[in-house]
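Q:
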Amino acid sequence: MISGTVAQLVADLRAKRLSSVELTRALLARIDQAQGRFNAFVTVDVEGALAQARAADAALAQGNAPPLAGVPIAHKDVIMTAGLRTTCGSRMLANFTAPYDAHVVTGLKSAGTVLVGKTNMDEFAMGSSSETSFFGPVRNPWNTDYVPGGSSGGSAVSVAARLVPAATGTDTGGSIRQPASLSGVCGLKPTYGVCSRYGLVAFASSLDTPGMFARTAEDCGLLLNAMAGHDARDSTSLDRPREDYTRDLARPLAGLRIGMPNEYFGDGVDADVASAIEAALAQFRKLGATTVPIALPNVKLSVPVYYVIAPAEASSNLSRFDGVRYGHRAAKYTDLLDMYKRSRAEGFGAEVKRRILVGTYVLSHGYYDAYYLKAQQVRRLIADDFVRAFEACDVIMGPTAPSPAFRIGDKADDPVQMYLNDIFTVAGNLTGAPGISIPCGFDRRGLPIGLLIQGDYFAEARLLNVAHRYQQATDWHTRAPAEVTA
Amino acid sequence: MALTLADVHRIAHLARIEIDAAAAAEVHRKLEAIFALINELQAVDTTGIVPMAHAQDVHLPLREDVVTETDQHRLFQSQAPAVQDGLYLVPKVIE
């Protein structure tokens, strides 16, 4: 039951082999037991979850249940959930109760899911290790001395440790795909604009993308069906015909052209990661795909571009936290300016402050052209690389991250080393195209390795098809951390 | 375009973040490393390249000019640190 996928649980719930209350209680008990070890949750809503589970069971009994009725899920704590605490992993919002639901929350609620709680994360989604939360670091269930990746580490861990079958996340520079890789689960970042950003606490608005974690590609598709769709409340939400993202899962891979960028197979990649990726590519060739070398010459600039654009947008978005309307207000101050400064100094952690300062600098008088405009121009060069690449291939594959998980604390004092973890994922945010990370092996220490599959705009159904066929032929995605299998 | 310690104090003021001398020195050290990374962009020839502001080239949508929001000030102000008579309270700004 606890290792059931979303698809299996839906079937079991409909066949009355299982009730949602029974399932929800079992997972709530697991969450309670695991919290001390993994710190994956910030808030658990026991009563709310059981009430939703009872309602799902009633709908299932009446035969009018929506598609995901009774399936327990968790939301990343940067996603607003009406009436439930939404902290962004920050002291600033430690006591903030969301006044409304995010669009993706409404979608998953309408689909009948049961919300068990909110997952821990890097503060304001700024990080690659889930160490910067005000509520303490999240730990990797494969080895609790290691980070789970970030920023959506709590969601990745909750799925890896079988605390929920699926969870939402947000991806601004790799914050779904990188923790999926480091924690050994699937993580999909859809095309920018496919899922509404309404109700996400904004970090970098031109890059923020809601998505999800699950244990199979099929489950990612089931969740995406509930999360996608036009929303007038987000001006960047795209008005496109509805899709069933699971429609192509079974499509054979014969004739699939896989692009292998030279830039993703260089010296900076850990040897165990490189051999796991080579083995995955060999498996795809067995399934009928061909591999073609491609070049993404500007992708090496994606991290410096990102660290201009994301902090610039963050410095503007986070100016709303002023200690006046919501959030932390300092206890002592002399005047209004002093109140702003002290409230923000106390409410934000070190990494958030650094990014606000970087953003403020690059947008300040005299520096805009040299930094922000320049970064937007290089962003175009990177996007053009992908346009050219997709003329020669259908999907692009490589490692999600250059190395498996690192030890907690190892990179905490070196922001640049931390940023370089996202070297393969950031480009997908700059271009807006979709990507999925799926488990494809383990390193010598038993830590998971992820394969990044990138597609052209709106290629979600194709990406899920490619990932699904691989998962039909391999069993990496079914492996669970040792202490979970008990 | 080297970032100075004085710049750190200036941008901290612009960003409305209190920072003391010791913290500023530490932040300065870390920002120098971050800008060493960012400054790799300066070597790229971007002559004539149209800046990319956004992932999708979409036009800002328009809607009918009608009221769509209801008054929820009580709900929203229930989160505020200090409120009186429907107004947010802040320190006196005019003597």
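Residue numbers (the working numbering), protein chains in the order written: chain D, 3 to 488; chain G, 1467 to 1561.
Yeah, the Cβ is synthetic: ideal placement off N, Cα and C, and Gly gets one too.
Classify D173(D) as helix, strand or coil using the three-state DSSP reduction.
A: For the purposes of this step, residue 173(D) is taken as the residue at position 171 of the first sequence. Residue state, collapsed to three classes: strand.
Q: Taking the Cβ atom as the reference point for each residue, do T26(D) and R87(D) lie within a distance shorter than 8 Å?
A: Taking the first sequence and counting its residues from 1, one reaches residue 26(D) at position 24. Taking the first sequence and counting its residues from 1, one reaches residue 87(D) at position 85. Taking 8 Å as the Cβ cut-off, T26(D) and R87(D) do not qualify as a contacting pair.
Q: Within 10 angstroms of its Cβ, does M3(D) collect 16 or more other Cβ (buried), or is it exposed?
A: Looking up residue 3(D) in the first sequence gives position 1. Exposed, since its Cβ has fewer than 16 Cβ neighbours within 10 Å.
Q: Taking only beta-carbon positions, decide if Y194(D) is within less than 8 Å of chain G.
A: Reading the first sequence from its first residue, position 192 is the one you call residue 194(D). So, interface residue.
Q: Opposite R409(D) in the DSSP bridges: which residues?
A: Mapped onto the first sequence, residue 409(D) falls at position 407. According to DSSP, R409(D) bridges with Y148(D).
Q: Along the chain, where does the alpha helix (DSSP H) that runs through G189(D) open and close?
A: Start at 1 with the first residue of the first sequence, and residue 189(D) comes out as number 187. Careful: G189(D) lies outside any alpha helix (DSSP H), inside the beta strand (DSSP E) at C188 to K191.
Q: Looking only at its chain, what residues have a beta carbon closer than 6 Å to the beta carbon of A61(D), apart from the 5 residues adjacent to it on each side?
A: Taking the first sequence and counting its residues from 1, one reaches residue 61(D) at position 59. Here the set comprises A67 and A71.
Q: Between P263(D) and V301(D), which are expected to be in contact by the criterion C-beta below 8 Å, what is the C-beta distance as a whole number of angstroms?
A: Start at 1 with the first residue of the first sequence, and residue 263(D) comes out as number 261. Start at 1 with the first residue of the first sequence, and residue 301(D) comes out as number 299. Yes, they are in contact, since the Cβ atoms of P263(D) and V301(D) sit about 7 Å apart, within 8 Å.
Q: Taking only beta-carbon positions, decide if I440(D) is within less than 8 Å of chain G.
A: Here residue 440(D) corresponds to residue number 438 of the first sequence, with the count starting at 1. Closer than 8 Å: no.
Q: Use the C-beta contact count for Q1508(G): other C-beta atoms within 10 angstroms, 16 or more gives buried, fewer gives exposed.
A: Counting from one through the second sequence, the residue named residue 1508(G) turns up at place 42. By the neighbour-count rule (16 or more Cβ atoms within 10 Å), Q1508(G) is not buried but exposed.
Q: Between A113(D) and the rest of its own chain, which residues show a CB-CB distance below 8 Å, the 5 nearest in sequence each way excluded?
A: Walking along the first sequence from the start, residue 113(D) turns up at place 111. Correct list, in chain order: P68, P69, L70, A71, N227 and A228.
Q: For G368(D), count neighbouring Cβ atoms within 10 angstroms of its own Cβ and tell me buried if that reaches 16, exposed if not.
A: Taking the first residue of the first sequence as position 1, residue 368(D) is located at position 366. G368(D) comes out exposed.
Q: For a quick check, are the C-beta atoms of Y148(D) and R356(D) less than 8 Å apart?
A: Numbered from its first residue, the first sequence carries residue 148(D) at position 146. Numbered from its first residue, the first sequence carries residue 356(D) at position 354. For Y148(D) and R356(D), no; Cβs fall outside 8 Å.
Q: Under 8 Å, Cβ to Cβ, is there at least one residue of chain D near V1524(G)?
A: Sequence index remark: in the second sequence, residue 1524(G) carries index 58 (1-based). With 8 Å as the cut-off, V1524(G) counts as an interface residue toward chain D.
Q: Quick one: measure Cβ to Cβ for I438(D) and L190(D), integer angstroms, because I've assumed they're closer than 8 Å.
A: Mapped onto the first sequence, residue 438(D) falls at position 436. Mapped onto the first sequence, residue 190(D) falls at position 188. So it is a contact: roughly 5 Å between Cβ atoms.
Q: Can you give me the Cβ contacts of G138(D) inside the same chain, cut-off strictly under 7 Å, excluding the 5 residues immediately before and after it?
A: Locating residue 138(D) in the first sequence gives position 136, where the first residue counts as 1. Correct list, in chain order: N41.
Q: Pick out whichever of A234(D), Q378(D), F136(D) and L52(D) has its Cα sitting closest to the Cα of E1530(G).
A: Indexing the second sequence from 1 puts residue 1530(G) at position 64. Of A234(D), Q378(D), F136(D) and L52(D), the residue nearest in Cα terms is A234(D).
Q: For the segment 93 to 105 of chain D, list every residue whose C-beta sits within 8 Å of some C-beta in chain G, in sequence order.
A: So the close ones are F98, T99 and P101.
Q: Using a Cβ-Cβ cut-off of 7 Å (strictly less than) and excluding sequence neighbours within five positions of C395(D), which residues of its own chain qualify?
A: Walking along the first sequence from the start, residue 395(D) turns up at place 393. Only R259, I260, G261, V294 and I296 meet the Cβ criterion.
Q: Find the nearest neighbour of C188(D) within the set G201(D), T170(D), L202(D) and C197(D), judged by alpha-carbon distance.
A: Position 186 of the first sequence, counted from the first residue, corresponds to residue 188(D). Measuring from the Cα of C188(D), the nearest candidate turns out to be T170(D).
Q: State whether the segment 115 to 134 of chain D contacts the segment 385 to 394 of chain D, with contact taken as three or more CB pairs (one from each stretch) at a distance under 8 Å.
A: At 8 Å Cβ cutoff, the stretches do not touch.
Q: Using a Cβ-Cβ cutoff of 8 Å, what residues of the segment 367 to 393 of chain D are near chain G? List them in chain order.
A: Hits within the stretch, in order: Y369, A372, Y373, L375, K376, A377, Q378, Q379, V380, R381, R382, L383 and A385.
Q: Beta carbon of P212(D), beta carbon of T248(D): below 8 Å?
A: By one-based count along the first sequence, residue 212(D) stands at place 210. By one-based count along the first sequence, residue 248(D) stands at place 246. No; because the gap between Cβ atoms is not below 8 Å, this pair is not in contact.
Q: Can you find a CB in chain D that lies within less than 8 Å of the CB of R1495(G)?
A: What you label residue 1495(G) is simply residue 29 of the second sequence in a count that begins at 1. Answer no: the Cβ-Cβ gap between R1495(G) and chain D never drops below 8 Å.
Q: The alpha helix (DSSP H) with S345(D) in it runs from where to where?
A: Here residue 345(D) corresponds to residue number 343 of the first sequence, with the count starting at 1. L338 to G349 is the extent of the alpha helix (DSSP H) around S345(D).
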